Amino acid sequence: MRNHITETFSILKSKYGDIEWKPRNEPILELVYTILSQHTSDLNSERAFLNLLREFENDPYQIAKADVDSISKIIRSAGLFRKKSSSDQRCPEPNS
Numbered sequence: 768m769r770n771h772i773t774e775t776f777s778i779l780k781s782k783y784g785d786i787e788w789k790p791r792n793e794p795i796l797e798l799v800y801t802i803l804s805q806h807t808s809d810l811n812s813e814r815a816f817l818n819l820l821r822e823f824e825n826d827p828y829q830i831a832k833a834d835v836d837s838i839s840k841i842i843r844s845a846g847l848f849r850k851k852s853s854s855d856q857r858c859p860e861p862n863s
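Residue numbers (this note's numbering): 768 to 863.
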């Protein structure tokens, strides 16, 4: 399996060049963003994520302490908000 992954990566790299990875947020917030992006458009997940950051002042601890209904209202634009809000809240504690 590993050989297939390496071969696929080599093909993509030769076609598209090196990939430049730029971290956007601290890891816990990247996890929240990933949850929000599941089964929804980039536009909606980005909007929901920015709303969440704005409401909770970029603080993952505040998100973890918030009630599920509050998170659901904030991320409604991402779709599947009831399921995602409880998943966001159950993310591991930041820096743990």
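Beta carbons are placed, not taken as given, at the ideal position from N, Cα and C, and that holds for glycine.
Small disclaimer: the values here were computed from a predicted structure and weren't measured.
Proximity of residue i and residue j at Cβ, strictly below 7 Å
i: tryptophan 846; j: threonine 807; result: For clarity, residue 846 is glycine in the given sequence; the question names tryptophan instead. It is a contact, given that the beta carbons lie within the stated cut-off.
i: isoleucine 841; j: glutamate 822; result: yes
Reduced DSSP secondary structure (H/G/I, E/B, other) of residue i
i: arginine 814; result: helix
i: threonine 773; result: helix
i: arginine 843; result: helix
i: lysine 789; result: coil
i: glutamate 822; result: helix
Nearest neighbour of residue i, chosen from the options [CA to CA]
i: arginine 843; options: Leu779, Lys782, Phe776, Leu819; result: Leu819
i: lysine 782; options: Lys789, Glu774, Trp788; result: Glu774
Where the alpha helix (DSSP H) through residue i begins and ends
i: glutamate 797; result: 794-804
i: lysine 832; result: 827-832
Between the CA atoms of residue j and residue i - distance to the nearest angstrom
i: lysine 832; j: glycine 784; result: 43 Å
i: leucine 817; j: asparagine 825; result: 9 Å
i: methionine 768; j: proline 794; result: 27 Å
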